[in-house]
Amino acid sequence: MALASTNGEVVTLPSPSPDQVYVTISALEGGHLTLPESLFVTPADPEKRSTVPSLSFLIQHPPSIQTLSQDARSETTKLIFDLGLKRDFSGYREAQQQHIAQRQPTTVSPDVAESLQKGGLSPEDINKVVLSHVHWDHVGTPSDFPNAEFVVGNGTLHLLAHGGGPLYPASLFNADELPRDRTKELPAVQNSAEFESHDRVSEHRWQPMAGFPSAIDFFADGSLYIIDAPGHLHGHVNLLARTAPGKWVYLGGDCCHDPRILSREREIALYDDGKGGLRSVHMDTDGATRTVERVPQYPPLLSTSTMQLSSLLGAIALLTLAAAEPTVYLIRHGEKPDSGNGLSAAGQQRAQCLRSVFGATSKYQIGHIMAQTPKSDGKRKRPYDTVAPLAADLGLSVDTSCDRDDAKCVEDVVKGYTGSGNILICWEHDALSDIVDELGKDDNPPSYPDDA
Ligand SMILES: [Zn+2]
1 MALASTNGEV VTLPSPSPDQ VYVTISALEG GHLTLPESLF VTPADPEKRS TVPSLSFLIQ
61 HPPSIQTLSQ DARSETTKLI FDLGLKRDFS GYREAQQQHI AQRQPTTVSP DVAESLQKGG
121 LSPEDINKVV LSHVHWDHVG TPSDFPNAEF VVGNGTLHLL AHGGGPLYPA SLFNADELPR
181 DRTKELPAVQ NSAEFESHDR VSEHRWQPMA GFPSAIDFFA DGSLYIIDAP GHLHGHVNLL
241 ARTAPGKWVY LGGDCCHDPR ILSREREIAL YDDGKGGLRS VHMDTDGATR TVERVPQYPP
301 LLSTSTMQLS SLLGAIALLT LAAAEPTVYL IRHGEKPDSG NGLSAAGQQR AQCLRSVFGA
361 TSKYQIGHIM AQTPKSDGKR KRPYDTVAPL AADLGLSVDT SCDRDDAKCV EDVVKGYTGS
421 GNILICWEHD ALSDIVDELG KDDNPPSYPD DA
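Reading the sequence shown from the start, the letters are residues 1 to 452 in full-length UniProt numbering.
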């Protein structure tokens, strides 16, 4: 799959393997905080403050050949990326609480543990926690996850214990934040000897991947990559998740706090550091700029023009939802002949044309095709005939389990669909509007034209 990154380079993400495993992603609420626009972008409205979510993401990875050989895990791995805010602010140190006082209003309910419970999971079910970085609004309540292994970027443990220079004093971090016996730090990226290696460094290996200089294939099966994303804070990492054929979700942590920075409509803000210099919200502004330039441009991210100052995480949540649910494409059947059943010559031509419109190399990524049930006398078969050549190309069988007038049946198939890719529905045009109605995606379904 090819994508353009914000620096204009075309990035080709790795193709799926024959037995490719995909992950699912669910956005979890992890609290809210309030940010002044002027600290994040320039030019900015000096008065504007926005209350934004600190999102967390549940990533579920089914067992694959690779993971079975690693640890014989036969169950789905449940991983959480970032833990949002602590629900109990007394868990923050004094200097952190002073900082948080400037980020009011905040909310802490639901926090990540409560969000999981709302979805029928318990924090005890979580196997792994990956933190993009250890700022107060991402570190959450680690003690809620007694069975999880924690994974953090290189330099994070040193930062928690000793701080990171005058702008990031140790008082802004908690040395005991993470469980000592269950936390692993990723190794240093190549050519970086900034931090000493120690016994808590994981065995992962950084390698170049697509346009990213340093990535870790986390499950060794191409389903989830940890991306080195330097600049925001020591050890800052992002995730790139493969969710379906041709579908990826990039989780950006704090690589950027406003989609207009990604689209180059705004720049990263610089402000007085109180020590005679200028700073940004990033520890290394130039490094953060280079990281943002490598983030692939996803059209859904950039087309959310109604979103003003919401965090990148908010933007990515939209992308996540789009990736988690299949898109349903509805088309009418091909043209009918002057009399009798089947398709006219023009209709057959349309059926052939659909092979390229919705084919394997198209952007539609069709994984399931539906057509109304044909009658035994050959009636109602045009929708089937219209999509049959495409289905054969894609190696799919046409699902004809629903009668023309049973929109509820179509809804049940769509809502119950757990396969990969999107759904194409070909139907008698008069009944299409009922299906749109039933799917509830549109209060004002289009009317489909009669046969010309
Ligand atoms: Zn941060």
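Positions of the beta carbon are idealized from the N, C-alpha and C atoms, including for glycine.
- Here the distance from the Cβ of valine 112 to the nearest heavy atom of ligand 1 is not below 8 Å.
- According to the DSSP assignment, alanine 27 belongs to no alpha helix (DSSP H) but to the beta strand (DSSP E) extending over 24–28.
- In this chain, the alpha helix (DSSP H) harbouring tryptophan 136 covers 136–139.
- Per DSSP, the continuous alpha helix (DSSP H) segment holding glutamine 97 begins and ends at 94–100.
- In this structure, aspartate 254 has its beta carbon less than 8 Å from a heavy atom of ligand 1.
- With a cutoff of 8 Å, valine 281 counts as near ligand 1, since its C-beta is closer than that to a heavy atom of the ligand.
- When rounded, the separation of the alpha-carbon atoms in aspartate 434 and tryptophan 427 is 11 Å.
- Judged by DSSP secondary structure, glutamate 149 falls within the beta strand (DSSP E) whose first and last residues are 149–152.
- Three or more beta-carbon pairs separated by less than 8 Å link the region 73–85 to the region 138–152, which places the two stretches in contact.
- No heavy atom of ligand 1 is found nearer than 8 Å to the CB of aspartate 228.
- Taking a C-beta distance under 9 Å as the contact criterion, histidine 429 and histidine 282 do not qualify as a contact pair.
- Threonine 77 sits in a strand when the DSSP states are folded into three classes.
- Residue state for alanine 269 is assigned as coil, using DSSP reduced to three classes.
- Remark: the shortest separation between the CB of aspartate 144 and any heavy atom of ligand 1 does not fall under 8 Å.
- The alpha-carbon of serine 115 is positioned some 48 Å away from that of lysine 375.
- Within its own chain, the residues whose Cβ lies closer than 8 Å to the Cβ of leucine 159, once the five positions on either side in sequence are excluded, are Val134, Tyr168, Phe173, Leu233, His234 and Gly235, listed in chain order.
- Under the three-state reduction of DSSP output, alanine 241 falls in the strand class.
- Distances from the alpha-carbon of valine 112 to those of Leu157, Pro53, Arg200 and Thr77 put Pro53 closest.
- Spanning the alpha carbons of glutamine 372 and serine 64 requires a straight line of approximately 36 Å.
- Here proline 46 carries a coil assignment [DSSP, helix/strand/coil].
- Spatial neighbours of proline 123 in its own chain (CB-CB distance under 7 Å, excluding positions within 5 residues in sequence) are listed in chain order as Ala113, Leu116, Asp144 and Phe145.
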